[in-house]
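**Q** Residue numbers (the working numbering), protein chains in the order written: chain A, 1 to 344; chain B, 1001 to 1108.
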Amino acid sequence: METKIATRMGDGSLTEMTRGELRSDIEDATQLAAGKAKVDPLTQDEQDHVLDIYASAACFTAVDIGDQVVLSCDGGGSKMTGTDILDLLESEQRLGQDILELWHIEYSYKAIKTILPHQQQMMQNAQQMLTAPIQYGAQPNLAFYSRPDGPCENWFELLPRGEIAAAREAIVEAMDYATKDFIFVGEGMLDAGADGMDFDTTGGAGDGDFFSTLRAVRHLREKYPTAGIEVGMAGEFVIGVHGELEWDGRRLAGLWPQGQLEVCQDAGVTLFGPAVNINTGKSCAWNTAYSLTVIKPCMDVACIPVHPNVGEGVCGVPVNGYPPEDAASRAAKAHVEILRCDGL
Amino acid sequence: MDVTHALAAGMGGIRTAGDLVARMQMSRGMRLTEAKRYVADRLGCTERDLADSYAMEQIRGEKGLGRILDHSNLHPGEPNAMMAKFRIAETLGITIPSVEKFRELAGI
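1) Residues of chain B with a CB under 7 Å from the CB of residue 300 of chain A: which are they?
2) Quick one: does residue 1071 of chain B have its CB under 7 Å from some CB of chain A?
3) Could you name the residues of the same chain whose beta carbon sits closer than 7 Å to that of residue 1012 of chain B, not counting the 5 residues immediately before and after it, in chain order?
4) Taking buried to mean at least 16 other C-beta atoms within 10 Å of its own C-beta, is residue 303 of chain A buried or exposed?
5) Are the beta-carbon atoms of residue 255 of chain A and residue 231 of chain A separated by less than 7 Å?
6) Which residues bound the beta strand (DSSP E) around residue 201 of chain A?
7) Taking the beta carbon of residue 289 of chain A as the centre, do at least 16 other beta carbons fall within 10 Å, making it buried, or is it exposed?
8) Where does residue 1073 of chain B fall in DSSP's three states?
9) Under a Cβ-count criterion, where at least 16 other Cβ atoms within 10 Å of its own Cβ denotes burial, should residue 66 of chain A be classed as buried or exposed?
10) For residue 13 of chain A, count the other beta carbons within 10 Å of its own beta carbon; 16 or more makes it buried, fewer makes it exposed. Which is it?
11) Could you give the DSSP three-state label for residue 263 of chain A: helix, strand or coil?
12) Determine, for residue 260 of chain A, whether the minimum Cβ-Cβ distance to residues of chain B falls below 7 Å.
13) Counting only Cβ pairs nearer than 9 Å, list the residues of chain A close to residue 1031 of chain B.
14) On a CA-only basis, which of A:75, A:117, A:154, A:92 is nearest residue 106 of chain A? Give me that one, please.
15) Could you give the first and the last residue of the continuous alpha helix (DSSP H) run that contains residue 20 of chain A?
16) If the cut is a Cβ gap below 7 Å, which residues of chain A does residue 1003 of chain B touch?
17) Measuring CA to CA, which of A:114, A:301, A:142 is closest to residue 234 of chain A?
18) Let me see if you follow: with CB-CB separation under 7 Å, is residue 128 of chain A close to chain B or not?
19) State whether the stretch 205-213 of chain A contacts the stretch 241-254 of chain A, with contact taken as three or more CB pairs (one from each stretch) at a distance under 8 Å.
20) Taking 7 Å as the threshold (C-beta atoms), are residue 178 of chain A and residue 224 of chain A in contact?
21) Is the CB of residue 278 of chain A under 7 Å away from at least one CB in chain B?
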């Protein structure tokens, strides 16, 4: 009888599985992911490597010496909400974070627009006190431009009524407002001395969210040729809420990580963060194998650094306010060692 | 979770050369291998030294690139923060926006 190994489910809860059950989960996940994303499954060697990582009984794991990668972050490092510079100092001096991020609890470009001078002052002050690069981050959140929060018709109300044309018109109107805000905040923070901008959870409101971000990225890249611009995605494929939006002739709806990376590269992004959502009913081994399979094609076509988003609830890290260290460290090790990615 | 990732896979920020490699990714879009090689060449060390806090503590100290400060490792008279960033920009051959801003606002 096979020994049971303590391991995690996608919601973070502990369970026990045999090595054979873990192997079966990894095989199932990579086959499912390959079919959905129309990519190759992980090779047998890669599946065996994932199995070795997840069949370990260790409470923590790590990459080999010399294989460490650059860590960027969405939001702050220490998450001492509202402390701004103290959060950044803690992240730099205690956590050893490679890229720091100044952020505000509103964390949406539309909201940040109204407090931009406050954030610019904070950036200027922080830059005088810290050594590591500091980017500014927020989310595109296109849905905030629809009623009742914004000026445009609410396409999520129009679509169920079958008013497709009106919904698309509302999305396009919202995209114009959004891109202007992203550029306004981006220019403001880069002028204040930010080392880069982070568009976090891009595509969260679908293809219009993604398009309005790409348009802002292109503008910022032309004006600030050496600024870091990170785009972190909201999910494994772009939801076609509008459905017909194209970036230089390429339809955004339905793009998987490789396609997302290619349009990001074209727009002028310098750091790409793919995100693959967790299935809470499956094991973390299953989720990691799924994530690796859909992200792997990125690595062959990447001209820019790829930092898979191993935050809470994505890329093999459980959906849990306090992701268990055993699960988060296994996800980190698997993504670095299988993908040979440039950061996390 | 941030501590987990820092220990499991992170380069180590200013404890090592993580911030320097990150700057090459951000400002030049270099992928990891290229960025590590570039920084190692500029510092005159091996790529493995870049994530080694023992090696980088010496190298950062010698070159004035800023080090972690705590009660047993204080370095008065040594560059840190903005002062260190002037040296980092020169060492890596890059423009750091906050350094340029400081230069402009201080009238240097």
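The beta-carbon is built from N, C-alpha and C at its ideal position, and this holds for glycine as well.
**A** Working from what's here:
1) The contacting residues do not exist; residue 300 of chain A stays about 12 Å from chain B at best.
2) Residue 1071 of chain B does not count as touching chain A.
3) So the list reads 1018, 1051, 1053, once near-sequence residues are dropped.
4) By the neighbour-count rule (16 or more Cβ atoms within 10 Å), residue 303 of chain A is not buried but exposed.
5) No, these two residues do not count as a Cβ contact at 7 Å.
6) Membership of residue 201 of chain A in the beta strand (DSSP E) is indicated by the continuous run 196-202.
7) The C-beta of residue 289 of chain A has 16 or more other C-beta atoms within 10 Å across all chains shown, which makes the residue buried.
8) If DSSP states are grouped into helix, strand and coil, residue 1073 of chain B belongs with the strands.
9) Around the beta carbon of residue 66 of chain A, a 10 Å sphere encloses fewer than 16 other beta carbons of the protein chains shown; the residue is thus reported as exposed.
10) Around the CB of residue 13 of chain A, fewer than 16 other CB atoms lie within 10 Å, so the residue is classed as exposed.
11) Three-state result, residue 263 of chain A: helix.
12) No, no contact with chain B.
13) Chain-ordered, the chain A residues with CB closer than 9 Å to the CB of residue 1031 of chain B read 302, 303, 304, 305, 306, 342.
14) Sorting A:75, A:117, A:154, A:92 by C-alpha distance to the C-alpha of residue 106 of chain A places A:75 at the top.
15) 19-37 is the span of the alpha helix (DSSP H), which, as asked, contains residue 20 of chain A.
16) Going along chain A in sequence order, the residues near residue 1003 of chain B (Cβ under 7 Å) are 95.
17) Selection A:114, A:301, A:142 evaluated against residue 234 of chain A yields A:142 as nearest (Cα-Cα).
18) Proximity of residue 128 of chain A to chain B, defined by a Cβ-Cβ separation below 7 Å, is satisfied.
19) When Cβ pairs closer than 8 Å are counted between the two stretches, the stretch 205-213 of chain A is seen to touch the stretch 241-254 of chain A, the count reaching three or more.
20) It is not a contact, given that the beta carbons lie outside the stated cut-off.
21) Taking Cβ atoms only, chain B never reaches closer than 7 Å to residue 278 of chain A, which makes this a no.
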